[in-house]
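Colleague: Below you will find the structure I want to go over with you.
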Amino acid sequence: MSDAIVHMENIEKRFGPVIALAGVSFDVSAGECHCLLGDNGAGKSTFIKTMSGVYKPSAGSILFEGKEMNFDSPRDSMEAGIATVYQDLAMIPLMSVTRNFWMGREPTKGKGLFKRFDIDRANEITMAEMQKMGINLRAPDQAVGTLSGGERQTVAIARAVYFGAKVLILDEPTSALGVRQTSNVLATVARVRNQGIGVVFITHNVRHALAVGDRFTVLNRGKTLGTATKGNITAEELQDLMAGGQEMATLEGSLGGTV
Amino acid sequence: MSTKSTDTVDERIGSESLLSRLMKRPELGAIAGVILVTIFFLITADSAMFTLSGVLNFLTPSSQLAILAIGAAMLMIGGEFDLSIGSMVALAGLFFSVAVVNFGMPLFMAIPATLAFAAAVGSINGQIVVRTGLPSFIVTLAFLFILRGLSLVGLKLATGGSTQLRGVREAVEGDFLVPFFSGDAFPGFFAWLASIGWIETFKNGVPKVTGIPVEILWSIALVVLATYVLLRTPVGNWIFASGGDPEAASNSGVPVKKVKISLFMLTAACAALLAIIQVLDAGSTDARRGFQKEFEAIIAAVIGGCLLTGGYGSAIGAFFGSIIFGMVVIGLTYTDFDQDWFQVFLGGMLLLAVIFNNMIRKRVTGER
Ligand SMILES: Nc1ncnc2c1ncn2[C@@H]1O[C@H](COP(=O)(O)OP(=O)(O)OP(=O)(O)O)[C@@H](O)[C@H]1O
Ligand SMILES: [Mg+2]
Numbered sequence: 001m002s003d004a005i006v007h008m009e010n011i012e013k014r015f016g017p018v019i020a021l022a023g024v025s026f027d028v029s030a031g032e033c034h035c036l037l038g039d040n041g042a043g044k045s046t047f048i049k050t051m052s053g054v055y056k057p058s059a060g061s062i063l064f065e066g067k068e069m070n071f072d073s074p075r076d077s078m079e080a081g082i083a084t085v086y087q088d089l090a091m092i093p094l095m096s097v098t099r100n101f102w103m104g105r106e107p108t109k110g111k112g113l114f115k116r117f118d119i120d121r122a123n124e125i126t127m128a129e130m131q132k133m134g135i136n137l138r139a140p141d142q143a144v145g146t147l148s149g150g151e152r153q154t155v156a157i158a159r160a161v162y163f164g165a166k167v168l169i170l171d172e173p174t175s176a177l178g179v180r181q182t183s184n185v186l187a188t189v190a191r192v193r194n195q196g197i198g199v200v201f202i203t204h205n206v207r208h209a210l211a212v213g214d215r216f217t218v219l220n221r222g223k224t225l226g227t228a229t230k231g232n233i234t235a236e237e238l239q240d241l242m243a244g245g246q247e248m249a250t251l252e253g254s255l256g257g258t259v
Numbered sequence: 001m002s003t004k005s006t007d008t009v010d011e012r013i014g015s016e017s018l019l020s021r022l023m024k025r026p027e028l029g030a031i032a033g034v035i036l037v038t039i040f041f042l043i044t045a046d047s048a049m050f051t052l053s054g055v056l057n058f059l060t061p062s063s064q065l066a067i068l069a070i071g072a073a074m075l076m077i078g079g080e081f082d083l084s085i086g087s088m089v090a091l092a093g094l095f096f097s098v099a100v101v102n103f104g105m106p107l108f109m110a111i112p113a114t115l116a117f118a119a120a121v122g123s124i125n126g127q128i129v130v131r132t133g134l135p136s137f138i139v140t141l142a143f144l145f146i147l148r149g150l151s152l153v154g155l156k157l158a159t160g161g162s163t164q165l166r167g168v169r170e171a172v173e174g175d176f177l178v179p180f181f182s183g184d185a186f187p188g189f190f191a192w193l194a195s196i197g198w199i200e201t202f203k204n205g206v207p208k209v210t211g212i213p214v215e216i217l218w219s220i221a222l223v224v225l226a227t228y229v230l231l232r233t234p235v236g237n238w239i240f241a242s243g244g245d246p247e248a249a250s251n252s253g254v255p256v257k258k259v260k261i262s263l264f265m266l267t268a269a270c271a272a273l274l275a276i277i278q279v280l281d282a283g284s285t286d287a288r289r290g291f292q293k294e295f296e297a298i299i300a301a302v303i304g305g306c307l308l309t310g311g312y313g314s315a316i317g318a319f320f321g322s323i324i325f326g327m328v329v330i331g332l333t334y335t336d337f338d339q340d341w342f343q344v345f346l347g348g349m350l351l352l353a354v355i356f357n358n359m360i361r362k363r364v365t366g367e368r
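Respectively, the protein sequence lines represent chains L and R. Take 1 as the starting number for the first sequence in my numbering and just add one per residue. Take 1 as the starting number for the second sequence in my numbering and just add one per residue.
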């Protein structure tokens with residue numbers, strides 16, 4: 001696609017002898033939600049980490065707004081306008097919610113030597129952003145370690161949504177969330193997409209993917225199994241693709257379609 | 001469930017008491033420790049300990065240690081140790097003395113040069129730790145010996161075989177920077193206090209305390225600056241983040257490697273500042289300077305609430321930890337106790353502090 005914000009071409013990634021990615025191509029355009037699906041160990045997290053500058057691909061190229069990019073660190077990709085919710089959330093338990101929220105991008109006031117962390121504004125925005133996601137924080141200086149898993153995930157998502165200027169990457173954002181928070185996150189994804197931001201949404205849950213996705217790419221053992229657009233694929237077909245086809249069909253009978 | 005629940009305050013929160021808010025501050029333990037130790041000496045020590053001159057008497061070694069401990073605390077919060085700072089004091093002391101005595105440099109050149117030299121050595125420490133990913137404990141342990149050895153060898157080279165380099169005082173005589181780095185500050189003010197009878201004087205009218213030793217002012221300036229940086233600047237947030245979880249910090253855009261290397265440079269520069277103050281005070285330097293100070297500094301930082309695992313602690317805590325240290329060392333001389341109790345006391349304090357910090361950490365992180 002020509003108007004893609006990020007275009008990843010034939011990305012390979014090896015960790016020593018382990019081939020995590022064996023030539024994956026993927027792109028995301030403004031105002032679209034591109035879902036990345038795949039089984040455990042398929043390489044989804046590894047793939048988005050090359051997009052966010054954590055890993056350098058062993059081969060392949062990354063085009064950002066048409067220009068070849070070399071992200072040396074997550075900071076570079078952030079500055080380009082890519083925000084990521086990592087699967088492990090990248091939160092520091094000993095630090096407060098506010099300090100985690102702004103980590104690496106602290107708002108400042110004052111000039112020169114007196115440039116300082118604007119804690120009041122940071123607290124205010126953090127509380128407001130969390131409230132938008134349906135979580136009432138006890139206090140912005142509460143340590144992240146005292147939050148529940150879902151609350152932590154919500155902080156990570158709120159942070160990425162707030163900073164995701166052009167591309168928002170979400171690695172299994174709904175895995176630990178309750179019903180209300182999940183629908184909040186899905187609604188947020190839809191809202192952000194409608195604002196013209198490109199969303200990369202990783203999930204195991206086909207229903208979540210179908211609810212917000214415009215395109216669906218399935219990854220299996222480091223390779224893409226193909227990309228489908230909304231309306232051209234059913235939940236069952238996606239489910240089958242993710243599980244690698246036939247094995248799933250036999251399972252389905254015994255589980256009574258509960259998967 | 002009411003749909004308005006997002007606008008109202010969460011009903012599951014009891015209001016937090018002041019005490020439990022205070023309990024969350026890392027320096028709480030050290031401040032409590034200062035109070036306990038003060039009470040102990042108020043009971044056991046000669047009353048001379050808590051006169052103005054007595055207080056300055058124990059605050060002087062305290063603040064010398066604090067200069068090291070504040071740097072060490074910031075580095076520990078950033079997730080690393082530096083065991084080489086004691087040896088760095090010796091090496092920086094040698095560098096400074098050679099600059100002043102052998103090369104006749106004025107202080108406005110010698111002092112920045114010494115600080116820069118120390119920072120450069122610190123950055124080597126930092127580069128090795130960051131690039132190899134080895135524990136800083138082992139890397140800086142190597143430097144503990146390397147720097148101490150270099151100080152010994154360098155001293156002999158500089159003096160032609162002697163174990164002491166003298167003549168610093170003569171070399172800097174009259175230099176306009178001397179009063180900032182040695183002696184007592186505000187002599188005029190103290191003379192005036194004496195003249196109106198607010199502080200004690202000797203028979204000839206000279207006040208018993210002629211001023212505040214400069215190291216006390218330096219350590220206060222440092223603790224204020226360090227606390228400001230830690231709590232009120234983006235860099236402070238990066239330091240906590242780098243120590244709390246370097247990978248998460250880096251994924252969030254914190255330049256973890258730069259932060260850590262800068263902290264190693266800072267601790268080394270603190271060691272150099274202490275070396276300059278001590279050398280100007282003594283008028284000479286030797287290779288034993290700063291011996292085992294790295295342990296004292298780390299102990300003060302731990303008493304001050306720094307976690308050994310990084311990501312938590314405070315500069316104020318390290319400052320009070322150093323005061324406890326100085327109070328105990330000097331305070332025992334005012335009592336009937338055998339001075340050698342000092343080490344027992346110290347070990348006990350350390351153990352208590354670590355147990356206490358561990359408890360606090362579990363509270364903060366909600367671990368059970
Ligand atoms: N740092 C690493 N070193 C070595 N191997 C790795 C590393 N990171 C990932 N791998 C391997 O690469 C493969 C893909 O891992 P990845 O985390 O990308 O999977 P995933 O699709 O995100 O799975 P999940 O759905 O469980 O999150 C796995 O086989 C994993 O063991
Ligand atoms: Mg993953």
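C-beta: ideal position from N, C-alpha, C; glycine also. Model, not experiment: these values are computed from the prediction.
Any beta carbon of chain L sitting closer than 9 Å to that of D336 of chain R?
Modeller: The residue you call residue 336 of chain R lines up with position 336 of the second sequence. No, D336 of chain R does not count as interfacial toward chain L.
Colleague: Under a three-way DSSP split, which group does P107 of chain L fall into?
Modeller: Sequence index remark: in the first sequence, residue 107 of chain L carries index 107 (1-based). Reduced to three states, the DSSP call for P107 of chain L is coil.
Colleague: Compute the Euclidean distance between the alpha carbons of N220 of chain L and A42 of chain L, then round it to the nearest angstrom.
Modeller: Position 220 of the first sequence, counting from 1, holds the residue named residue 220 of chain L. Position 42 of the first sequence, counting from 1, holds the residue named residue 42 of chain L. Spanning the two alpha carbons is a distance of roughly 5 Å.
Colleague: Output needed in chain order: residues of the stretch 234-252 of chain R with a Cβ under 8 Å from some Cβ in chain L.
Modeller: Cβ contacts with chain L come from P234, G236, N237, W238, F240, A241, G244, D245, E247, A248, A249, S250, N251, S252.
Colleague: Starting from the Cα of N194 of chain L, find the closest Cα among L:V6, L:S29, L:S45 and give me that residue.
Modeller: Sequence index remark: in the first sequence, residue 194 of chain L carries index 194 (1-based). Among L:V6, L:S29, L:S45, the Cα nearest to that of N194 of chain L belongs to L:S29.
Colleague: Which residues of chain L have a Cβ atom closer than 9 Å to the Cβ of G311 of chain R, listed in chain order?
Modeller: As a first step, residue 311 of chain R is located in the second sequence; it is residue number 311 there, counting from the start. Simply I92, P93, L94, M95.
Colleague: Please list the partners that M78 of chain L has in chain R, where partner means a Cβ-to-Cβ separation under 9 Å.
Modeller: Walking along the first sequence from the start, residue 78 of chain L turns up at place 78. Near M78 of chain L (Cβ distances below 9 Å), the residues of chain R are S252, G253.
Colleague: Applying the criterion that 16 or more other CB atoms from any shown protein chain within 10 Å of the CB defines a buried residue, is V18 of chain L buried or exposed?
Modeller: To locate residue 18 of chain L, count along the first sequence from 1; it is residue 18. The residue is exposed, with fewer than 16 neighbouring Cβ atoms inside 10 Å.
Colleague: Please confirm if V259 of chain L has its CB atom under 9 Å from at least one CB of chain R.
Modeller: By one-based count along the first sequence, residue 259 of chain L stands at place 259. Since pLDDT at V259 of chain L reaches only 46, below the 50 mark, its modelled position is unreliable, and the value read off the structure follows with that caveat. Chain R contact via Cβ: absent.
Colleague: Should I169 of chain L be listed as close to ligand 2, given that the test is whether its C-beta is under 8 Å from any heavy atom?
Modeller: Locating residue 169 of chain L in the first sequence gives position 169, where the first residue counts as 1. No - ligand 2 has no heavy atom lying nearer than 8 Å to the Cβ of I169 of chain L.
Colleague: Relative to the alpha-carbon of E294 of chain R, which residue among R:A271, R:N357, R:A158 has its alpha-carbon at the smallest distance?
Modeller: For the purposes of this step, residue 294 of chain R is taken as the residue at position 294 of the second sequence. That would be R:A271, whose Cα lies nearest to the Cα of E294 of chain R.
Colleague: May I ask you to check if the CB of I212 of chain R is nearer than 8 Å to at least one heavy atom of ligand 2?
Modeller: For the purposes of this step, residue 212 of chain R is taken as residue 212 along the second sequence, with counting starting at 1. No.
Colleague: Does the beta carbon of V364 of chain R sit closer than 9 Å to a beta carbon anywhere in chain L?
Modeller: Start at 1 with the first residue of the second sequence, and residue 364 of chain R comes out as number 364. Judged by the 9 Å Cβ criterion, V364 of chain R is in contact with chain L.
Colleague: Using the three-state DSSP reduction, which class does K67 of chain L fall into: helix, strand or coil?
Modeller: By 1-based counting over the first sequence, the position of residue 67 of chain L is 67. In the structure shown, K67 of chain L sits in a strand (DSSP, three-state: E or B).
Colleague: What does a CB cutoff of less than 6 Å around K109 of chain L pick up in its chain, not counting 5 residues either side in sequence?
Modeller: By 1-based counting over the first sequence, the position of residue 109 of chain L is 109. Here the set comprises D118.
Colleague: What's the C-alpha gap between T174 of chain L and Q153 of chain L?
Modeller: As a first step, residue 174 of chain L is located in the first sequence; it is residue number 174 there, counting from the start. As a first step, residue 153 of chain L is located in the first sequence; it is residue number 153 there, counting from the start. Approximately 8 Å, taken between the alpha carbons.
Colleague: Can S45 of chain L be considered in contact with ligand 2, in the sense that its beta carbon sits closer than 8 Å to one or more heavy atoms?
Modeller: For the purposes of this step, residue 45 of chain L is identified with residue 45 of the first sequence, where counting begins at 1. Yes; taking the cut-off as 8 Å, the Cβ of S45 of chain L has a heavy atom of ligand 2 nearer than that.
Colleague: With 16 other CB atoms within 10 Å as the buried threshold, where does V209 of chain R fall?
Modeller: Here residue 209 of chain R is taken as the residue at index 209 of the second sequence, counted from 1. Buried is the call here.
Colleague: Quick one: list the residues of chain L neighbouring R232 of chain R, beta-carbon separation under 9 Å, in chain order.
Modeller: Here residue 232 of chain R refers to the residue found at position 232 when the second sequence is read from its first residue. By Cβ distance, chain L contributes R116, F117, I119.
Colleague: By a C-beta neighbour count over all protein chains shown, 10 Å radius and 16 as the cutoff for buried, is M8 of chain L buried or exposed?
Modeller: Reading the first sequence from its first residue, position 8 is the one you call residue 8 of chain L. Buried.
Colleague: How about G104 of chain L: is its C-beta nearer than 9 Å to some C-beta of chain R?
Modeller: The residue you call residue 104 of chain L lines up with position 104 of the first sequence. Yes, G104 of chain L counts as interfacial toward chain R.
Colleague: Considering only C-alpha positions, which residue in the set L:T84, L:I233, L:K166, L:I169 is nearest to M252 of chain R?
Modeller: Working through the second sequence from its first residue, we reach residue 252 of chain R at position 252. Before going further, note that residue 252 of chain R is Ser rather than Met in the sequence given. The shortest Cα separation from S252 of chain R among L:T84, L:I233, L:K166, L:I169 belongs to L:T84.
Colleague: Could you say which of L:V97, L:A20, L:G196, L:Q87 lies nearest to A128 of chain L if we only look at CA atoms?
Modeller: For the purposes of this step, residue 128 of chain L is identified with residue 128 of the first sequence, where counting begins at 1. Comparing Cα-Cα distances from A128 of chain L to each of L:V97, L:A20, L:G196, L:Q87, the minimum goes to L:V97.
Colleague: If we define contact as Cβ-Cβ less than 9 Å, is R25 of chain R a contact residue for chain L?
Modeller: In the second sequence, the residue the question calls residue 25 of chain R occupies position 25. Not an interface residue.
Colleague: Curious, which full-length alpha helix (DSSP H) runs of at least 4 residues does the stretch 226-269 of chain R contain?
Modeller: Entirely contained in the stretch 226-269 of chain R, the alpha helix (DSSP H) runs reaching 4 residues are, in chain order, 234-244, 246-251.
Colleague: Rounding to the nearest angstrom, what Cα-Cα distance links P57 of chain L and F163 of chain L in this structure?
Modeller: In the first sequence, the residue the question calls residue 57 of chain L occupies position 57. In the first sequence, the residue the question calls residue 163 of chain L occupies position 163. Using only the alpha carbons, I get a separation of about 24 Å.
Colleague: Which class does K223 of chain L belong to by DSSP, given the choice of helix, strand or coil?
Modeller: By one-based count along the first sequence, residue 223 of chain L stands at place 223. Three-state result, K223 of chain L: strand.
Colleague: Would A45 of chain R and G331 of chain R qualify as a contact pair, given that the criterion is a beta-carbon distance under 9 Å?
Modeller: Numbered from 1 along the second sequence, position 45 holds the residue referred to as residue 45 of chain R. Numbered from 1 along the second sequence, position 331 holds the residue referred to as residue 331 of chain R. In contact: A45 of chain R and G331 of chain R (Cβ atoms closer than 9 Å).
Colleague: Does T84 of chain L come within less than 9 Å of chain R when only Cβ atoms are used?
Modeller: Your numbering for residue 84 of chain L matches position 84 in the first sequence. Judged by the 9 Å Cβ criterion, T84 of chain L is in contact with chain R.
Colleague: Using 8 Å as the cut-off, can you tell me whether the stretch 182-190 of chain L makes contact with the stretch 205-219 of chain L, which would need three or more C-beta pairs spanning the two stretches below that distance?
Modeller: Because the criterion of three Cβ pairs below 8 Å is met, the stretch 182-190 of chain L and the stretch 205-219 of chain L touch.
Colleague: Determine whether the Cβ of R288 of chain R lies closer than 9 Å to any Cβ atom of chain L.
Modeller: Start at 1 with the first residue of the second sequence, and residue 288 of chain R comes out as number 288. No, R288 of chain R does not count as interfacial toward chain L.
Colleague: With H, G and I counted as helix, E and B as strand and the rest as coil, what does DSSP make of P187 of chain R?
Modeller: Along the second sequence, read from residue 1 onward, the residue named residue 187 of chain R stands at position 187. Of the three classes helix, strand and coil, the one that applies to P187 of chain R here is helix, per DSSP.
Colleague: Please determine if the stretch 61-74 of chain R and the stretch 348-363 of chain R are in contact, where contact requires at least 3 C-beta pairs separated by less than 8 Å.
Modeller: No, the stretch 61-74 of chain R does not touch the stretch 348-363 of chain R.
Colleague: Thinking G78 of chain R and S242 of chain R are a contact (beta carbons under 8 Å), I'd like their distance in whole angstroms, please.
Modeller: Looking up residue 78 of chain R in the second sequence gives position 78. Looking up residue 242 of chain R in the second sequence gives position 242. With 8 Å as the limit, G78 of chain R and S242 of chain R qualify as a contact, their Cβ atoms being about 5 Å apart.
Colleague: Can you confirm whether R361 of chain R, when its beta carbon is compared against all beta carbons of chain L, has any partner nearer than 9 Å?
Modeller: For the purposes of this step, residue 361 of chain R is identified with residue 361 of the second sequence, where counting begins at 1. Interface residue, yes.
Colleague: From the beta carbon of A235 of chain L, is the nearest beta carbon of chain R less than 9 Å away?
Modeller: The sequence position of residue 235 of chain L within the first sequence is 235, counting from 1. No, its Cβ sits nowhere closer than 9 Å to a Cβ of chain R.
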